[in-house]
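Okay, structure first, notes after.
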Amino acid sequence: MNNQSNQIPIYELSVNILTTWQAHSLSNLGNNGTNRTMPRRQLLSDGTETDACSGSIAKRFHAALLTEQMMDKEIYLCPVCAAGDGRRAGANKTAGLDMSSILACGMCDSHGFLITSKKGKKDGENENGSEDRERLSKNSLVEFSFALALPGQMAESPQLFTRRASRYEDGVDQENGQMIFKKSVRSGTYAQCVRYKAAGVGVDTEIWQTVITDEEERLRRRHAILMALRDQIQSPGGAMTAILLPHLTAIQGVVAIKTTVGRAPLYSPLSPDFVSMIENLQTDSCLIFVFNNLVEFHVLFQRLLSESYPVQPKIRQVTLPEVMS
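Its first residue numbered 0, the sequence shown is counted upward by one per residue in numbering that gives the first Met the number 0.
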């Protein structure tokens with residue numbers, strides 16, 4: 000498959016995108032009395048304050064979509080990931096885990112994990128009798144920036160909402176009237192960057208050693224990751240979508256693909272010339288794809304789903320120096 004001329008090798012991919020959302024509350028800081036959702040804000044380098052949506056919430060919802068995709072494709076998920084625990088392998092404190100057993104799980108492989116080390120007090124045992132635990136980790140293969148509203152292209156409306164207040168006494172619902180509270184609802188055009196290291200699928204990226212050697216399995220995982228990313232952008236997830244599902248009214252941007260070892264370029268859509276800047280970076284090993292609307296974005300990702308494959312990284316070779324007598 001990798002030798003076919005119509006295939007696109009992906010070592011790393013970046014999505015640099017402008018998205019316009021109307022009437023959303025996708026990312027918030029918390030509550031302040033009856034102000035139920037305080038909008039997240041970010042200061043830019045020139046001192047301008049703008050609306051922001053956390054990359055953490057985007058990553059969490061991508062993980063949820065990816066879990067569905069992997070279950071549908073019968074990609075193995077460890078019990079922790081199958082239960083939706085965001086700590087992934089880090090929630091399993093059992094001694095004796097190794098990278099091979101952890102990366103067998105598609106979610107631990109794709110979204111990363113951290114198992115902290117633990118040293119026993121004596122005889123190699125901890126207080127609870129368990130053995131020493133070595134540190135194991137893998138960084139997420141999918142990374143999200145904050146989505147930042149373009150200055151001058153965002154607006155906020157405090158909306159009043161009501162909820163029936165009631166309490167139960169002796170099994171009888173005692174009506175107490177309505178609770179009134181405010182929620183922040185925003186609209187704007189947001190700049191966001193996403194980076195995906197396809198070459199890291201099935202790989203222990205700490206030492207760059209391939210763990211998943213089955214190429215078909217790597218292709219299935221790559222397919223699931225790209226499908227979840229496509230769906231996350233086309234139908235955004237986040238906070239308050241039960242009653243404030245965003246109106247997606249426009250998207251445009253650039254996908255950059257590094258076909259050999261190296262980084263796919265990122266350039267923030269906060270800059271008005273981000274498309275032309277990235278276009279000028281095209282080389283034989285850096286492919287640039289521009290999209291100007293939802294249809295072009297969808298067609299591009301359908302092409303990547305059918306024609307791309309994750310580059311197989313070179314296995315790290317370690318040569319020990321000869322012992323000098």
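Even glycine gets a Cβ: it sits at the ideal position worked out from N, Cα and C.
According to DSSP, residues forming a beta bridge with residue i
i    : result
H23  : R185
F178 : According to the sequence shown, residue 178 is Met rather than Phe. BP columns for M178 point to R162.
V202 : T209
A146 : C52
N15  : C192 and V253
L135 : I114
G29  : M37
Y308 : P8
V294 : In the DSSP output, where bridge partners are listed per residue, V294 has none listed.
A154 : S186
V141 : Y195
T282 : C285
First and last residue of the uninterrupted alpha helix (DSSP H) at residue i
i    : result
V253 : It is not in any alpha helix (DSSP H) - V253 instead sits in the beta strand (DSSP E) that spans H246 to K257.
V79  : P78 to A81
Q41  : Taken as a continuous stretch (DSSP letters only), Q41 belongs to no alpha helix (DSSP H), being part of the beta strand (DSSP E) at R40 to L42.
E215 : E214 to Q233
I101 : M98 to L102
Proximity below 8 Å, CB of residue i to CB of residue j
i    : j    : result
R219 : K58  : no
L135 : C192 : no
C107 : A88  : yes
P371 : Q21  : This structure does not reach residue 371, given that the chain is present from 0 up to 324, and the question cannot be answered.
L243 : V184 : yes
S284 : T248 : no
N138 : G105 : no
L140 : V210 : no
V294 : I277 : no
N292 : I250 : yes
H297 : Q208 : no
H61  : A227 : yes
D213 : M98  : no
R162 : Q152 : no
E133 : S116 : yes
Residue i: CB within 7 Å of a non-hydrogen atom of the ligand FMN
i   : result
M98 : Of the ligands one can find in the structure shown there are none, so the ligand FMN has no counterpart to examine.
Residue span of the beta strand (DSSP E) that contains residue i, given as start and end
i    : result
T49  : E48 to C52
L286 : C285 to F290
S275 : Counting along the chain, S275 falls outside any beta strand (DSSP E), though it belongs to the alpha helix (DSSP H) covering F273 to E278.
Expected contact under 8 Å - CB spacing of residue i and residue j to nearest Å
i    : j    : result
A146 : Y195 : About 16 Å; that fails the 8 Å criterion.
L96  : I114 : 7 Å
P309 : R221 : 5 Å
G325 : L159 : The question about residue 325 has no answer here: the residues shown for the chain are numbered 0 through 324.
I16  : L286 : At roughly 17 Å, the Cβ-Cβ gap does not stay under 8 Å, so I16 and L286 are not in contact.
E155 : P38  : 6 Å
I224 : L42  : Not confirmed; about 32 Å, so no contact.
K182 : T282 : Going by Cβ atoms, the distance from K182 to T282 rounds to 47 Å, so no, they are not a contact pair.
R217 : F300 : Contact doesn't hold; Cβ gap of about 19 Å is too wide.
(request) Kindly confirm or deny that the stretch 233-240 and the stretch 13-33 touch, where touching means at least three C-beta pairs closer than 8 Å. (result) The stretch 233-240, when compared against the stretch 13-33, does touch it at the 8 Å Cβ threshold.
(message) Can you confirm whether the stretch 8-15 touches the stretch 195-208 when touching is taken to mean that 3 or more C-beta pairs between the two stretches lie within less than 8 Å?
(response) yes
(message) With a threshold of 8 Å, are at least 3 pairs of Cβ atoms found where one atom belongs to the stretch 46-55 and the other to the stretch 141-157?
(response) yes
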